Structures are given as structure tokens and as C-alpha cells.
Amino acid sequence: MKPPDEKKEELAKKILRYLLANPYAQDTLKHIVKWWLFDQYQTKLVEDVLNELEADGLVIAQDVSPSEKLYRMNRRRRKRITSIVQQKS
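Just so you know, we're using my numbering here: the sequence shown kicks off at 352 and counts up by one.
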């Protein structure tokens, strides 16, 4: 089993790769888990990683209701995102 930090890094790269391939994609946590990641990760882990990506300025979260956000790539940080995705783990 991978340590938690490695699993988060792997997941972050998957999300960022998806966003690079689909730069206008935006979705809710529930749909990211289901459609972008095919239910391979627990929702809480995905939420934690999205929050970290948002804190790093790589992902933008927009409130669409009191309990739901839309997540999308911060296209201004595309070069940084590409650099992260290309780094070897």
C-alpha cells in the first residue's frame, strides 16, 4: 500500500492531467469522482486533493450552492500544471 502522501500526489497528477486534456472541463466533487476518476478513489480523498490544488492556485472552485462547488483548471497556471504532471514521482 502506498503512503498517503504518494497516493495524494498520484491523484493530484491524475486530476491535473485530465484538466490539461480538457481545459474547459468543470464539475462538482461527486461528478469528478464518478466521471473523471471512475470511482477509483474515495470522495474524501478527492475532496482533500482538490482543496490542496485550489490552495496552490492550480484549480479554481466556484460555489454553486451552499453545499456544492464547481472545480476547474486555473488556465493561467497551465505551464505550472504541465510541469507538475511531467515530474517523475
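Note that CB positions come from ideal geometry on N, CA and C, so glycine has one too.
The structure displayed is predicted, hence computed values, not measured ones.
Bridge-paired residues (DSSP) for residue i
i      : result
ILE411 : ARG423
ASP378 : TYR422
SER434 : BP columns for SER434 are empty, so no partner.
Within 8 Å, strictly: CB atoms of residue i and residue j
i      : j      : result
ILE435 : LYS364 : yes
VAL397 : LEU409 : no
LEU380 : ILE432 : no
LYS359 : ASP399 : yes
Nearest neighbour of residue i, chosen from the options [CA to CA]
i      : options                        : result
LYS420 : LYS430, GLN377, LEU367, THR433 : GLN377
PRO374 : LYS430, LYS385, GLN437         : LYS430
LEU362 : TYR422, ASN425, TYR392         : TYR392
MET424 : LYS395, LEU404, ASP356         : LEU404
ARG383 : ASP356, GLN437, TYR422         : Note on identity: in this sequence residue 383 is Ile, with Arg being the wrong assignment. The option with the nearest alpha carbon to ILE383 is TYR422.
Alpha helix (DSSP H) segment containing residue i, residue limits
i      : result
LEU396 : 394 to 406
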